[in-house]
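Below is one structure, written out as structure tokens; comments come after it.
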Amino acid sequence: MIDKNTIERMHAEIQGIMDSAGAAILDVYEKAESIEITTKDDDSPLTLADRRAHAIIAEGLRKMPEGFPVLSEESTLPDYEERRQWTTYWLVDPLDGTKEFINRNGEFTVNIALIHEGFPVAGWVYVPVRSQLYYGWSLDGDAAAFLAENGASHAIAARKLNPEAGVIVVASRRHGGEALQPMLDKAEARFAKLERKSIGSSLKICLVAEGKADWYPRLAPTSEWDTAAAHAVLLGAGGVMVDAEYKPLRYNTKESILNPHFHAIADDGEVWKELVL
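In this text, residue positions in the sequence shown follow this note's numbering: the first is 724, and each later residue adds one.
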């Protein structure tokens, strides 16, 4: 059974795993000459840091007493016939934002999510350069989200929509610009003001969870491990993630590991349904 006590017990172990993975990543990041870039099947860059972090996380999670399967971006993807039997499993992206890593802007993250019956019930997003850890859970009506930094944790919450004050939309620097523009035009006509922010990796969803943005529309490809951990944080903070039909985003429901287009929204409501649908 997955409950709040289970999540809280796991938290200390996950923190230790995140610290070790983050240290391995920074060891490579701070020695630029050691970065090895190859190309994966999807043409995304693969670095030495990616592989080191994966090894640390996979080993740490497999040692935990629950014995849940681990699915990582850097592991072999099991056939769906096997994966569909998983009620609960770990979904991991050991280094999200590898382009940000290579460009050395610090906007990359380590991501661990616990998926239960298709939903991310808990998630941890670590920002190695800033030593920040976003984490949260949402299950059985109990939800919470936090940001740990400078030796202390504080609760975070998604912001309430104030159309008269305008909205903040966070978007990728590289993906989905042309497809997104008609929707942004529609939002600009609907709200008093539309401010855009750009940031890399799963930090886009974390900005919504932290109350620093209202909306993150993603109309370009992502994989399930790219979003799951931050999705859990957003749910814990009171936000939602929905697909293009305004249905909750789910995981491990098909052979493909790709997400549909989705929207991370701080304050669920009819105004967003009208905009998205």
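Even for Gly, the Cβ is constructed at its ideal location relative to N, Cα and C.
Using 10 angstroms around the beta-carbon of residue i, count the other beta-carbons present and answer buried if the total reaches 16, otherwise exposed.
i	result
PRO905	exposed
SER921	exposed
ALA878	exposed
ARG882	buried
ALA902	exposed
GLY992	exposed
ASP863	exposed
LEU1000	exposed
ASP937	buried
SER795	buried
GLU789	exposed
GLY783	buried
How many whole angstroms separate the CB atoms of residue i and residue j, which I take to be in contact at a CB cut-off of 8 Å?
i	j	result
HIS954	ALA967	Contact flag wrong, Cβ pair sits at about 16 Å.
GLU797	HIS777	4 Å
ILE838	ASN982	13 Å between Cβ atoms; not a contact.
ALA772	ILE748	4 Å
GLY846	ALA951	6 Å
LEU884	ALA989	7 Å
Confirm, please, whether the CB-CB distance from residue j to residue i is below 7 Å.
i	j	result
TRP995	LEU814	no
ALA932	ALA868	yes
MET964	ALA987	yes
LEU930	VAL893	yes
ALA880	GLY959	no
VAL833	ALA744	yes
PHE914	PRO940	no
ASP819	SER925	yes
PHE957	ILE928	Note that residue 957 corresponds to Leu in the displayed sequence, not to Phe. Cβ atoms of LEU957 and ILE928: closer than 7 Å.
GLU830	GLY923	yes
LEU856	ALA875	no
LEU800	ALA910	no
Can you give me the Cβ contacts of residue i inside the same chain, cut-off strictly under 8 Å, excluding the 5 residues immediately before and after it?
i	result
ALA840	Per the sequence shown, the amino acid found at residue 840 is Glu instead of Ala. THR810 and THR811, listed in sequence order.
VAL844	ILE725, ILE730, LEU837, ILE838, TRP860, SER861, LEU862 and ALA955
Apart from the five residues on each side of it in sequence, which residues of its chain come closer than 6 Å, Cβ to Cβ, to residue i?
i	result
PRO792	TRP809 and TYR812
PRO851	GLY745, ILE748 and LEU749
SER895	none
Leaving out five residues before and five after residue i in sequence, what residues of the same chain have Cβ atoms less than 7 Å from its Cβ?
i	result
ILE779	ILE740, SER743, ALA744 and ALA747
ALA735	none
Just list the beta strand (DSSP E) runs in the segment 884–924, keeping only unbroken ones of 3 residues or longer that don't cross its boundaries, in chain order.
Whole beta strand (DSSP E) segments, 3+ residues: 890–894 and 917–921.
Which runs of the alpha helix (DSSP H) fall wholly inside the segment 808–880 and span at least 4 residues, in chain order?
Taking 4 residues as the shortest admissible run, the segment 808–880 contains the following complete alpha helix (DSSP H) segments, listed from N- to C-terminal end: 821–826.
Residue ranges of each beta strand (DSSP E) run of no fewer than 3 residues wholly in the segment 925–991, ordered along the chain?
938–941, 963–966 and 985–988, all fully within the segment 925–991.
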